[in-house]
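In this note's numbering, the protein residues as written are 1377 to 1843. Okay, so here's the structure we're looking at.
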């Protein structure tokens, strides 16, 4: 067993990584710039916590395995366990989803609740020390071994001391704000290239107190309204229930169609979406927050897996390596997959072996590849998207559209596609011959019907069968 690992960042990726490191290190220290409250309280370093979050099926399973009993506590504290295509009013690009069971459970709660449960359970293990208000300022290398990271340089915020924290392994889990590339460059180490796909999206969210009861015909527990590039409609919106009988309503704009950040403009735009259902829900609730806005939601992949000679003693995980447009709900699940890749590498390869870092970065890249491909292919549908990747082929675009068309009404396609979106199955499973044929035929028939017999979009979702 190694002596000491340092994890930079106490978000979901850092907490998940720290959990798996407990198997291999006598002591783990987690550093974070923020104060870290005991309960589910917002913190400055996680502004995205004000927006909607989803813990999809794979991530829920992994967190419950890493922290046994997590899901039971999560639901007991108010997380909503839903089958989205059955429990939600879902307007996809090509029309309303017919309410059908997918067999997959998604958990909806505030990011603050999710983190607080995981953070408390990690602290209870006894071998992890979490240091709040402590910021890493660089990597430490020993003068007699300049080719290896041997710890981190830190400063305690609020005028505290500058310290050197030795470590056998440094794990960067600091997310979008990671300084890893500049640190590596300052040491003369190899720096990964970046791939970026940016559809210029932005979010605006507002929290509401939900009413005690909804009108009888409002059967849905969540709302999801996709934009439609084909209709030149580049703003969508969602309503997610969270603990404490609250809703988060979020507007999402693409192609530089950023949603308003003022209360009047926010409410007005709710009524300009493809369905008025979100504005109606806002009228039923009571606003309990201002409007929170954010941008800089691009997909960014740092190709650590392509480094010829990664710096020994240092790895980067999850959103320090790969960030996604948050709309697709992948972030917390990807955090657990990165942690599992680290666990697998530490099981198979000794930390001091020359190839340890390369093995890990390759393993992590394979774990994240499907999530990256799903997010980037979705964002590349929007005009003006900046991309370092080749544009999808005409077949790929048609196949993707056919999935969206067919899953709206074909229960078999829905049941086999949703596990891919929720990272239970590989995207390769979409090309199983019988499924691919069903998708392509269904998409072609649906597209032809839409051209030959266009019908206006209903403003409200179809009724849900109670079975």
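Glycine included, every Cβ here is placed at the ideal spot set by N, Cα and C. The structure presented is a predicted model; accordingly, all values stated were derived computationally and were not measured.
- Spatial neighbours of residue 1619 in its own chain (CB-CB distance under 7 Å, excluding positions within 5 residues in sequence) are listed in chain order as 1453, 1454, 1455, 1485, 1486 and 1489.
- Per DSSP, residue 1586 lies in no alpha helix (DSSP H) segment and is marked neither H nor E.
- In chain order, 1480, 1481, 1482, 1798 and 1800 place their CB closer than 7 Å to the CB of residue 1433, counting only its own chain and leaving out the 5 sequence neighbours on each side.
- If you draw a 10 Å sphere on the C-beta of residue 1390, you find 16 or more other C-beta atoms in it, and that means buried.
- Residue 1762 is bridged by DSSP to 1574.
- The segment 1690-1700 and the segment 1541-1549 touch, with no fewer than 3 CB-CB distances between them shorter than 8 Å.
- Annotation for residue 1503: 1398, 1401, 1402, 1403 and 1404 place their beta carbon closer than 8 Å to its own, counting only its chain and skipping 5 residues before and after.
- Along the length of the segment 1469-1521, whole alpha helix (DSSP H) runs at least 4 residues long occupy 1487-1500, reported in chain order.
- Residue 1627 sits away from residue 1647, with the two beta carbons spaced by 9 Å or more.
- The C-beta distance from residue 1395 to residue 1715 rounds to 7 Å, short enough to fall under 8 Å.
- Here residue 1427 really is in contact with residue 1702; their C-beta atoms are around 7 Å apart, less than 8 Å.
- Around the beta carbon of residue 1446, a 10 Å sphere encloses 16 or more other beta carbons of the protein chains shown; the residue is thus reported as buried.
- Note that the C-beta distance between residue 1583 and residue 1665 is below 9 Å.
- Inter-residue distance for residue 1586 and residue 1622 is about 5 Å (C-alpha atoms, whole angstroms).
- As a beta-bridge residue in DSSP terms, residue 1381 pairs with 1404 and 1545.
- Between residue 1599 and residue 1465 a beta carbon distance of about 5 Å is seen, short of the 8 Å cut, so the two are scored as contacting.
- Secondary structure at residue 1457: strand, using DSSP grouped into helix, strand and coil.
- In terms of Cα proximity to residue 1609, the closest of 1594, 1651 and 1588 is 1651.
- Under the DSSP assignment, residue 1806 falls outside any beta strand (DSSP E); it carries neither an H nor an E label.
- Per the coordinates, the alpha-carbon of residue 1825 lies some 19 Å from the alpha-carbon of residue 1605.
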